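Just so we're aligned, residue 2 is where the sequence shown starts under my numbering, counting upward by one. A virtual CB, placed ideally from N, CA and C, is assigned to each residue, including glycine. Quantities reported herein were computed from a predicted structural model and do not represent experimental measurements.
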Amino acid sequence: MEKAIILNAGEGKRLRPLTQNMPKCLLKIGNKTILEHQLSSLEKCGIKTVILVLGYNFRMILEKLRQCSFDLRIRHTLNPVYSKTNTAYSLWLVRNEMNQDFIYLNGDVFFHTSILKRLIRSKHDTCLAIVRKEVGAEEVKVKLANDLITGLSKEMIPSSANGEFVGIAKFSQSINDAFKTKLNEIVNEGKLNAFFELAVQRLLKSHNVWAVDVSDLPCIEIDTYRDLNDAKRIYLKLTNFNKNVENNTS
Numbered sequence: 002m003e004k005a006i007i008l009n010a011g012e013g014k015r016l017r018p019l020t021q022n023m024p025k026c027l028l029k030i031g032n033k034t035i036l037e038h039q040l041s042s043l044e045k046c047g048i049k050t051v052i053l054v055l056g057y058n059f060r061m062i063l064e065k066l067r068q069c070s071f072d073l074r075i076r077h078t079l080n081p082v083y084s085k086t087n088t089a090y091s092l093w094l095v096r097n098e099m100n101q102d103f104i105y106l107n108g109d110v111f112f113h114t115s116i117l118k119r120l121i122r123s124k125h126d127t128c129l130a131i132v133r134k135e136v137g138a139e140e141v142k143v144k145l146a147n148d149l150i151t152g153l154s155k156e157m158i159p160s161s162a163n164g165e166f167v168g169i170a171k172f173s174q175s176i177n178d179a180f181k182t183k184l185n186e187i188v189n190e191g192k193l194n195a196f197f198e199l200a201v202q203r204l205l206k207s208h209n210v211w212a213v214d215v216s217d218l219p220c221i222e223i224d225t226y227r228d229l230n231d232a233k234r235i236y237l238k239l240t241n242f243n244k245n246v247e248n249n250t251s
């Protein structure tokens, strides 16, 4: 597992005015941006190549990357119609990069590195990080048969869901051709504002996609001010925990 794809094209409108001129992934949690937290976790997990899909104020992201010193090969692709499209189209733009196993990340997810490790070490070739909980209208909902995903949709009736997909996944080379076919279908149908989960939902009819339970690990998708504040509280809690561990072992 050496490649990751991160989608960072969106405008983050619900976080304005913080995102009035700044991409959401450059908001800080602690002393690092969301993007830096993600890249640090990927680097710790042995990822070598990161593909970014950028759009809104992309030059700010590129400038930030020039200031960083990660041991990663970072390339980017631009989504020039980011304001009229969604994650299915952004992922479709980099379909040629889906030529090997890869990690998928929504660009606004703050998470514990152990979530990535758990996905990578999973016996399942293609799997999604899932939090088992009661869900509402906003979450991307999953339906499960044991650990097999049988449904994936934001529009799913909450009472029929078993949990939430948190925006972190592992896709295998063996499934990627079929996955790209589904993305092509969506784009050719003109559903440019669809979430990429629609392609996964269609994939479930012919391929097994599994859930990896990460309910015990910190993870939050940052869409609102409340989410951002929760992420900062999680970071502070983890920082204090790590300091206590260091003090107790020194």
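In this structure, I223 sits away from I169, with a CB-CB distance that is not shorter than 9 Å.
By the neighbour-count criterion, in which 16 or more other beta carbons inside 10 Å mark a residue as buried, S207 falls on the exposed side. F180 is a Cβ neighbour of M99, given a cutoff of 9 Å. Closest in C-alpha terms to H113, from the list N22, S123, I7 and D217, comes D217.
Annotation: N22 is outside any alpha helix (DSSP H) and is labelled neither H nor E by DSSP. Excluding five sequence positions before and after I235, the CB atoms of its chain that fall closer than 6 Å to its own CB belong to P219, given in chain order. In the three-state reduction of the DSSP assignment, E156 falls in the coil class. Scanning its chain for C-beta atoms nearer than 6 Å, with the 5 sequence neighbours on each side dropped, one finds around H77 the residues L53 and L55, in chain order. The alpha-carbon separation between T182 and K33 amounts to approximately 37 Å. A straight line joining the alpha-carbon of D214 with that of F103 spans about 19 Å. Close CB contacts of L16 within its chain, under the 8 Å cut and outside five residues either way in sequence, are with K25, L28, I223, D224, T225, Y226 and L229 (chain order).
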